[in-house]
Amino acid sequence: MNPVRKKFSRRVRVAVGGGVLAVVAVAGFGAVTANASAPAAPPTAAAAPAAASVPDRATTTSTHLTVDAATKAAQAALDAAEKEKQRVSVAVVDRNGNTIVTLRGDGAGPQSYESAERKAYTAVSWNAPTSELAGRLQQTPTLKDIPGTLFLAGAVPVTAGNAPIAGIGVAGAPSGVLDEKFAQAGADAVAR
């Protein structure tokens, strides 16, 4: 046996071993704390991905109605309908067919909401009032199969520089002629 070990009692050996473990634990904790509090090294230039810059000729800009202008148009269309005691829904969509504003008048039928959106989408897609587009179905009946469209009178496009930037659709009046009249009132309100 080891002569040094013989000289110490079991109690002393346990106490010394526990002390050594405590010192090792404290030293390890201090090292971890020091590493955790050390500031992170700044990323190297090679690690950060570079942003791709494209020339101006590779991009395009487009004009959109503001939310305020779209709201003004929708409210004007709804007011025109209410003046004639018609219960309608109004939708204004952007150039991409995304809905900007919808207003459902008091007492408007549940189908009018979606119909107004689809009419507005159709008008902006073809840059024409939907009453004109409905006539095109006689020559090309499959147009009606395009998803999201509705070839019924009741919507007009809003243009800037002859390019469509929005569509205003109205649905719920007894005829598409009335719906389109109210949609035109909305477009006229934006033009002022």
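Read in order, the letters of the sequence shown are residues -36 to -1, 1 to 156 in mature numbering (1 follows the signal peptide of the UniProt record, and there is no 0).
Quick reminder that beta carbons are idealized off the backbone N, C-alpha and C, glycines included.
Just so we're clear, the structure is a prediction, and the values are computed from it rather than from any experiment.
If you measure between the beta carbons of residue i and residue j, is that distance less than 8 Å?
| i | j | result |
| --- | --- | --- |
| T63 | A55 | yes |
| V134 | A45 | yes |
| S53 | G118 | no |
| L42 | V154 | no |
| L116 | T94 | yes |
| residue 157 | G131 | As displayed, the chain neither begins before -36 nor continues past 156, which places residue 157 out of reach and without an answer. |
| L107 | L101 | yes |
| R51 | D70 | yes |
Taking only three categories from DSSP, how would you classify residue i?
| i | result |
| --- | --- |
| residue 158 | Any property of residue 158 remains undetermined from this structure, which presents the chain solely from -36 to 156. |
| R51 | coil |
| T63 | strand |
| V122 | strand |
| V141 | helix |
| A130 | strand |
| A117 | coil |
| R68 | strand |
| A16 | coil |
| A135 | strand |
| L42 | helix |
| P93 | coil |
| A(-6) | Confidence at A(-6) is low in this model, with a pLDDT of 49, below 50, so the placement of that residue should be treated as unreliable; the coordinate-derived value is given next. Here A(-6) sits in helix by DSSP. |
| P74 | helix |
| S79 | helix |
| P105 | helix |
| T23 | coil |
So, is residue i buried or exposed, given that buried needs 16 or more other C-beta atoms within 10 angstroms?
| i | result |
| --- | --- |
| V31 | exposed |
| R82 | buried |
| T86 | buried |
| S139 | exposed |
| V141 | exposed |
| A84 | buried |
| A14 | exposed |
What residues in its chain sit with their C-beta under 8 Å from that of residue i, if we drop five residues either side in the sequence?
| i | result |
| --- | --- |
| T123 | N91 and I129 |
| E144 | P93, T94, S95, A117, G118, A119, V120 and V134 |
| L97 | T86, A87, W90, L107 and F115 |
| G125 | T27 |
What does a CB cutoff of less than 6 Å around residue i pick up in its chain, not counting 5 residues either side in sequence?
| i | result |
| --- | --- |
| Q148 | V120 |
| F146 | A41, A44, A45 and V134 |
| V65 | A34, T35, A38 and V56 |
| E48 | none |
Assuming residue i and residue j form a contact by the criterion Cβ under 8 Å, report the distance between their Cβ atoms to the nearest whole angstrom.
| i | j | result |
| --- | --- | --- |
| residue 170 | G112 | Any question about residue 170 goes unanswered here, given that the chain covers just -36 to 156. |
Using a Cβ-based criterion (distance less than 7 Å to any ligand heavy atom), does residue i qualify as near the ligand GTP?
| i | result |
| --- | --- |
| D143 | As presented, the structure is devoid of all ligands, the ligand GTP included, so that no description of it is given. |
So, for residue i: in the same chain, excluding its five sequence neighbours on each side, which residues have a beta-carbon less than 7 Å away from its beta-carbon?
| i | result |
| --- | --- |
| A(-6) | Annotation note: pLDDT 49 at A(-6) (below 50); position unreliable, coordinate value reported separately. Within the same chain, A(-6) has no close Cβ partners at all. |
| S26 | R59 |
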